[in-house]
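Novice: The first sequence lines up with residues 15 to 913 when you count with the working numbering. Where a beta carbon is used, it is the ideal one built from N, C-alpha and C, also for glycine. Treat the numbers as computed from the prediction; the structure is a model and nothing was measured. Handing you a structure now.
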Amino acid sequence: MPYELPKTYDFKSAEARIYAMWEVGGYFKPWNDPNKPGFNPNIRPFVISIPPPNVTGELHLGHAMFVSMEDLMIRYHRMKGYPTLWVPGTDHAGIATQLMVERALAAEGLTREKLGREKFLERVWQWKEKYGNIITQQIRRLGASCDWDRERFTLDPGLSRAVREAFVRLYEKGLIYRGPRLINWSPGLRTAVSDLEVEYSEEQVTLYYFKYMLADGSGEYIPVATIRPETILGDTAVAVHPEDERYRRYIGRKVVVPILGREIPVITDTYVDPTFGTGALKVTPAHDPHDYEIAQRHNLPMISVLDEIGRMNENAGPYAGLDRFECRQRLWADMEAAGLTLRTEPYITSIPRAQRGGEIIEPMLSTQWFVRIKPLAEAAIEAVRSGRIRIVPERFEKIYYNWLENIQDWCISRQLWWGHRIPVWYCADCGKETVVREDPTQCAHCGSPRIEQDPDVLDTWFSSALWPFSTLGWPEETPDYRYFYPTSIMETGYDILFFWVARMIMMGLEFTGKEPFHTVYLHGLVRDEHGQKMSKTKGNVIDPLVVMEQFGTDALRFTLLVGSTPGNDMNLSIKKVEANRNFANKLWNAGRLVISLLEKAPQEPVGSAEWTLADRFIFARLKTVIADVERLFQNYQYGQAGQLLYDFFWSDFADWYLEIAKLQVATGGDRAFYTAERCAQVFDAILRMLHPFVPFVTEEIYGHLRRAVLEHSAHLCPLSGTWSEVLIIASWPEILPEEGGEETAIKDFERLRELVRAIRNLRAEKGVQPTQRLAAVLVTGERLYETLQEEKSTFAALARLDEARLTIHAHLDTKPEKHVALVEGELEVYLPLADLVNREEERQRLQKELAELEAQIQRLERLLAGEFAQKAPPHVVEKERQRLEEAQRAAEKIRRQLE
RNA sequence: GGGCGCAUAGCUCAGUUGGUUAGAGCGUCUCUCUUACACAGAGAAGGUCAGGGGUUCGAGUCCCUUUGCGCCCACCA
């Protein structure tokens with residue numbers, strides 16, 4: 015026994031070994047490399063840039079999903095023969111990483127301020143060195159076939175240069191500007207965040223009604239409501255609708271800000287909805303976007319009352335220094351004491367919260383850097399609208415348009431330290447900005463050396479937006495950039511369509527003049543098995559590493575890939591992973607069997623090379639599977655393709671063809687040699703097509719299979735390509751030409767299959783003992799009979815599939831008295847079960863069957879008599895007509911039985 | 001307020017140019033440790049494809065509508 019393969023596939027020992035073999039073998043690299051001799055620039059490559067995970071992050075199912083998906087695409091194209099490049103890398107993830115390090119510092123009783131900027135950054139880099147390769151190691155465990163020599167990090171010198179270049183170019187073009195605006199401020203993070211980083215949640219809050227007293231001492235007041243009483247301190251007007259009769263007499267008069275005593279005007283603005291609330295609106299320009307706009311229209315002063323950590327500032331008078339929420343309570347209590355309150359009521363509204371951290375975001379007046387995004391957005395819209403970029407699934411195109419058409423300027427400055435520092439220097443003398451590619455030593459305007467760099471850094475997504483080209487060398491015209499850019503497919507989750515995808519398209523078009531990729535493939539989110547979002551607090555988090563440890567990487571990958579559809583969330587259940595572990599094991603065992611068949615069969619071409627029905631069936635099926643898989647891959651229906659392969663392998667190849675082949679070889683029939691080889695050929699094609707889904711187990715089996723072929727059947731050719739050293743670079747099965755007769759082979763085999771099933775069924779129903787040896791007689795009609803005559807061995811094999819070693823002899827015009835008849839289309843089989851069966855029961859069974867057939871005949875007759883026959887396409891009508899004929903024949907046979 | 005998705009077997013889901021008796025995995029029930037695999041094999045039960053209407057010879061699939069769940073965008077104090 016040259017091969018002693020264990021009964022169970024041992025993924026634990028296989029995976030690391032196989033991955034190392036691939037990596038060391040250099041198979042992850044594009045075979046056509048612009049940096050190497052022999053490079054041919056005319057062959058189009060297939061390229062994916064990885065969505066860079068947070069450098070200090072840890073693997074979760076979202077990563078597992080995109081790695082599985084992208085590795086599938088990459089492996090498929092590699093086997094198709096494309097020079098294939100998958101660029102890996104990580105993202106510095108400004109806020110997330112900085113928070114982690116700050117938390118670690120806090121444990122030592124330190125803060126970043128105490129440490130100082132330089133020391134702090136050193137600490138973050140140390141942190142990055144320590145934890146930065148965990149995530150990439152974990153991605154390797156998933157089988158990712160990235161070119162690790164081309165790994166990038168967003169803070170690498172090269173990428174930092176790209177960021178600097180991009181900033182300067184946009185600045186020079188007037189697309190980047192600095193100015194005071196109302197922005198989203200995160201008091202906990204002490205930074206501005208973009209609109210996208212604010213999430214709204216429906217919450218119950220209190221709505222406070224109070225009196226805005228007229229300043230003239232008349233005792234009259236305007237009732238106003240607010241959910242944020244502390245902002246009263248920053249009010250600079252009360253606005254009413256110009257047509258509102260109730261408040262007409264107050265217009266132009268003054269009211270008094272509670273407690274502070276400031277006098278502010280009553281103005282009119284059509285923004286105010288007189289039917290909502292009290293119909294009067296307090297205007298706080300520095301802390302509300304709408305109020306901000308009103309203030310601009312009316313030239314109102316803007317008074318900030320909050321500081322950067324969410325405390326009241328000096329404008330809050332007696333409340334200065336209080337936390338915003340504490341102030342809210344105190345102020346209200348004071349107003350109550352002063353008789354200025356009316357009432358409070360519960361109120362449900364959406365509250366803005368920080369995407370990271372979840373604290374309440376405050377709109378604040380602040381000077382920040384912005385990208386004037388509209389001109390970029392227009393080009394990005396056009397790229398998709400023209401079809402130069404396709405989004406899969408298509409419905410996301412609408413969402414994409416909708417966002418870009420209503421886009422607001424992008425606030426790109428962050429008051430953080432970890433990130434790309436804004437390349438702007440301010441002059442202490444002339445006050446002007448110097449924005450240059452190389453760090454300046456003096457002001458570009460007045461030459462003063464007294465310049466200072468902007469302390470802020472850029473939004474992490476600014477560097478991410480450049481990722482597809484910055485990782486390839488841009489702004490340098492490197493060989494990689496020239497050859498591999500633009501990339502092919504951008505595969506990522508739909509949740510970052512705006513954050514990332516849209517911005518990459520905008521920046522790609524702006525800086526390279528090309529769409530950074532031709533297709534955007536969006537996958538859904540992975541949820542738990544009941545559709546709940548996974549979260550630590552719910553305790554329903556599935557750790558991919560644990561799953562891989564328990565069931566193997568292939569099982570996890572196959573689960574994520576099959577049964578998920580583009581753009582739709584998927585629910586992951588461990589049961590499914592387990593089932594797919596079983597699938598991998600089934601593959602393994604099929605491999606063991608095929609290898610043992612090769613060993614058992616003669617080593618030289620002897621015996622009959624004639625094709626059996628089973629042979630023709632499995633090759634015919636293989637042809638359609640190859641073609642269907644190809645079509646599904648073209649349409650990004652990877653899940654469907656995987657399912658198809660799963661079914662073909664298990665239900666056709668393993669359950670039927672291999673069972674037949676086993677008997678052929680075991681009985682030492684004259685077909686043993688060719689049968690073994692045909693098994694190997696079909697199985698090899700299956701392995702190749704499954705490789706992108708389950709790379710480890712297929713590679714492992716392939717290695718053994720290849721060795722067996724070389725040792726026992728050295729002349730044997732695979733159906734496509736050659737026996738390459740490793741499966742990862744084996745060629746993808748080509749669509750085989752039709753030779754005629756495929757359809758018939760499939761149909762005939764399926765009929766026999768049905769017959770065998772019917773026999774098994776009957777046996778099960780009648781409780782025939784498995785040990786009981788039975789003889790049976792088969793009667794066939796026309797074509798199939800002839801087919802079977804020349805396919806005796808197949809026929810025998812099929813017959814022996816039954817557990818009872820049921821032997822079926824082919825005879826025409828045989829109708830034994832005491833047999834039980836089974837009719838399957840044109841086939842009849844007689845089983846000598848009469849002794850076991852009550853005659854009357856058997857009659858009833860046949861009658862029931864006949865009734866069913868007659869109902870079907872009626873239905874079909876009615877169908878074919880109606881408009882269907884005229885209006886439906888001929889081949890559809892023909893199909894139904896055949897069905898009818900079959901049913902009629904079968905019914906006739908049963909009637910004869912019943913006579 | 002605007003937009004999108006989902007609703008198919010007990011559970012989780014496939015089902016992309018509409019083709020007529022709707023599939024898988026898991027679970028349940030029978031039987032089998034048969035010489036690749038009990039992580040298996042053979043068989044069974046289980047669905048008016050959310051409700052209603054329409055288009056069509058024909059609808060799980062297309063259109064309209066109702067209900068329920070979920071998501072995105074906008075954010076009326």
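1. Would I365 and I374 be called neighbours here (beta carbons separated by less than 9 Å)?
2. Report the rounded CA-to-CA distance for E892 versus L878, giving the unit in angstroms.
3. Name the two residues that bound the continuous alpha helix (DSSP H) containing C441.
4. Leaving out five residues before and five after I197 in sequence, what residues of the same chain have Cβ atoms less than 6 Å from its Cβ?
5. From this set, R909, V708, M520, which residue's C-alpha is nearest A598's C-alpha?
6. Please list the segments of the beta strand (DSSP E) lying wholly inside the stretch 470-546, counting only runs of 3 or more residues, in order along the chain.
7. Is the distance from the Cβ of A675 to the Cβ of A690 below 9 Å?
8. Taking just the CA atoms, how far does D470 sit from S427?
9. In the structure shown, what three-state DSSP assignment does N54 receive?
10. Under three-state DSSP, which class holds G167?
11. Taking D85 as the reference, give the member of V115, G193, I153, A118 with the closest Cα.
12. From D583, T573, A604, pick the residue whose C-alpha is nearest to that of E915; which is it?
13. If I'm right that R702 touches P747 with Cβ under 8 Å, what's the distance once you round it to whole angstroms?
14. I need the straight-line Cα distance from C444 to L189, nearest angstrom please.
15. For I609 versus L730, is the C-beta spacing smaller than 9 Å?
16. Rounded to a whole number of angstroms, what is the C-alpha to C-alpha distance between V576 and T98?
17. Would you report the Cα separation of E259 and P288, rounded to the nearest angstrom?
18. Between V723 and A694, which are expected to be in contact by the criterion C-beta below 8 Å, what is the C-beta distance as a whole number of angstroms?
19. Name the DSSP beta bridge partners of T220, please?
20. Curious, which full-length alpha helix (DSSP H) runs of at least 4 residues does the stretch 126-194 contain?
21. For Y671, collect the residues of the same chain with a Cβ closer than 8 Å to its Cβ; drop the 5 residues on either side in sequence, then sort them by chain order.
22. If you check the beta carbons only, do L480 and A176 fall under 9 Å apart?
23. Could you name the residues that DSSP lists as bridge partners for L320?
24. By the DSSP assignment, the beta strand (DSSP E) with K296 in it spans what residues?
25. Three Cβ pairs or more, each shorter than 8 Å: is that satisfied between the stretch 382-391 and the stretch 296-307?
26. Could you tell me the boundaries of the alpha helix (DSSP H) in which R342 lies?
27. Nearest to I88 by alpha carbon, out of T712, A623, I62?
28. Apart from the five residues on each side of it in sequence, which residues of its chain come closer than 6 Å, Cβ to Cβ, to R435?
29. Tell me the residue span of the alpha helix (DSSP H) that contains K550.
30. What's the gap between the Cα of V449 and the Cα of C460?
31. Among residues of its own chain, excluding the 5 on either side of I871, which ones have a beta-carbon nearer than 7 Å to its beta-carbon?
32. Over what stretch of residues does the alpha helix (DSSP H) that includes T638 continue unbroken?
33. Please say whether F410 and P482 have beta carbons closer to each other than 9 Å?
34. Our contact map puts E713 next to V679 with C-beta atoms below 8 Å; I'd like the distance itself, whole angstroms only.
35. Who are the Cβ neighbours of S82 in its own chain at under 7 Å, not counting the five residues just before and after it?
36. Tell me the start and end of each unbroken alpha helix (DSSP H) in the stretch 62-99 that is at least 4 residues and wholly inside, in chain order.
Specialist: Based on what the coordinates show:
1. Against the first sequence, residue 365 aligns to sequence position 351. Against the first sequence, residue 374 aligns to sequence position 360. Result yes, Cβ atoms of I365 and I374 sit closer than 9 Å.
2. Stepping through the first sequence from its first residue, residue 892 is reached at position 878. Stepping through the first sequence from its first residue, residue 878 is reached at position 864. Straight-line Cα distance between these residues: approximately 10 Å.
3. Counting from 1 along the first sequence, the entry for residue 441 is found at position 427. Element bounds for C441: not the alpha helix (DSSP H) but the beta strand (DSSP E), 438-441.
4. Here the question's residue 197 lines up with position 183 in the first sequence. Taken in chain order, the residues that qualify are A206, S380, Q382, C425.
5. The residue labelled residue 598 in the question sits at position 584 within the first sequence. Nearest of R909, V708, M520 to A598, Cα basis: V708.
6. Fully enclosed beta strand (DSSP E) runs of 3 or longer: 503-507, 533-537.
7. To locate residue 675, count along the first sequence from 1; it is residue 661. To locate residue 690, count along the first sequence from 1; it is residue 676. A contact, by the Cβ cut-off of 9 Å.
8. Along the first sequence, read from residue 1 onward, the residue named residue 427 stands at position 413. Along the first sequence, read from residue 1 onward, the residue named residue 470 stands at position 456. Cα to Cα, the separation comes out at about 6 Å.
9. In the first sequence, counting from the first residue as 1, residue 54 sits at position 40. It is coil, neither helix nor strand.
10. The count along the first sequence starts at 1 and reaches residue 167 at position 153. Here the sequence assigns Phe to residue 167, which means Gly is not the residue at that position. F167 falls in the strand class under three-state DSSP.
11. Within the first sequence, the letter at position 71 stands for residue 85. Nearest of V115, G193, I153, A118 to D85, Cα basis: I153.
12. Within the shown structure, residues of the chain are numbered from 15 to 913, placing residue 915 beyond reach of any answer.
13. Residue mapping note: residue 702 aligns to position 688 of the first sequence, counting from 1. Residue mapping note: residue 747 aligns to position 733 of the first sequence, counting from 1. 5 Å between Cβ atoms; contact.
14. Along the first sequence, one-based indexing puts residue 444 at 430. Along the first sequence, one-based indexing puts residue 189 at 175. One C-alpha to the other measures close to 23 Å.
15. In the first sequence, counting from the first residue as 1, residue 609 sits at position 595. In the first sequence, counting from the first residue as 1, residue 730 sits at position 716. Cβ atoms of I609 and L730: not closer than 9 Å.
16. Mapped onto the first sequence, residue 576 falls at position 562. Mapped onto the first sequence, residue 98 falls at position 84. Using only the alpha carbons, I get a separation of about 23 Å.
17. Against the first sequence, residue 259 aligns to sequence position 245. Against the first sequence, residue 288 aligns to sequence position 274. When the Cα atoms are used, E259 and P288 turn out to be separated by approximately 10 Å.
18. What you label residue 723 is simply residue 709 of the first sequence in a count that begins at 1. What you label residue 694 is simply residue 680 of the first sequence in a count that begins at 1. That pair is a contact at about 6 Å.
19. Residue mapping note: residue 220 aligns to position 206 of the first sequence, counting from 1. Answer by DSSP bridge pairing, in chain order: P360.
20. 126-129, 131-145, 148-155, 171-186
21. In the first sequence, counting from the first residue as 1, residue 671 sits at position 657. Take Y671, set aside five residues on each side of it, and the residues of its chain with a beta-carbon closer than 8 Å to its own are A628, F631, I632, C693, V696, in chain order.
22. Position 466 of the first sequence, counting from 1, holds the residue named residue 480. Position 162 of the first sequence, counting from 1, holds the residue named residue 176. Going by C-beta atoms, L480 is nearer than 9 Å to A176.
23. Taking the first residue of the first sequence as position 1, residue 320 is located at position 306. Its beta-bridge partners are M326.
24. Counted from its first residue, the first sequence places residue 296 at position 282. 294-297 is the extent of the beta strand (DSSP E) around K296.
25. no
26. Looking up residue 342 in the first sequence gives position 328. It spans 338-351 - the alpha helix (DSSP H) in which R342 sits, taken as one unbroken run.
27. The residue labelled residue 88 in the question sits at position 74 within the first sequence. Of the candidates T712, A623, I62, the one whose C-alpha sits nearest the C-alpha of I88 is I62.
28. The sequence position of residue 435 within the first sequence is 421, counting from 1. So the list reads V471, once near-sequence residues are dropped.
29. Stepping through the first sequence from its first residue, residue 550 is reached at position 536. First-last for K550: undefined, no H or E at that position.
30. Position 435 of the first sequence, counted from the first residue, corresponds to residue 449. Position 446 of the first sequence, counted from the first residue, corresponds to residue 460. The straight-line gap from Cα to Cα measures roughly 14 Å.
31. Within the first sequence, the letter at position 857 stands for residue 871. Short of 7 Å from the beta carbon of I871, and not among the five residues preceding or following it, lie these beta carbons of its own chain, in chain order: L898, A901, Q902, A905.
32. Against the first sequence, residue 638 aligns to sequence position 624. That run of the alpha helix (DSSP H) goes 627-648.
33. Position 468 of the first sequence, counted from the start, is the residue given in the question as residue 482. Position 396 of the first sequence, counted from the start, is the residue given in the question as residue 410. Contact flag unset, no.
34. Here residue 713 refers to the residue found at position 699 of the first sequence. Here residue 679 refers to the residue found at position 665 of the first sequence. About 26 Å separates the two Cβ atoms, so there is no contact after all.
35. Taking the first sequence and counting its residues from 1, the one referred to as residue 82 is at position 68. Here the set comprises L156, R571, L574, L575.
36. 75-94
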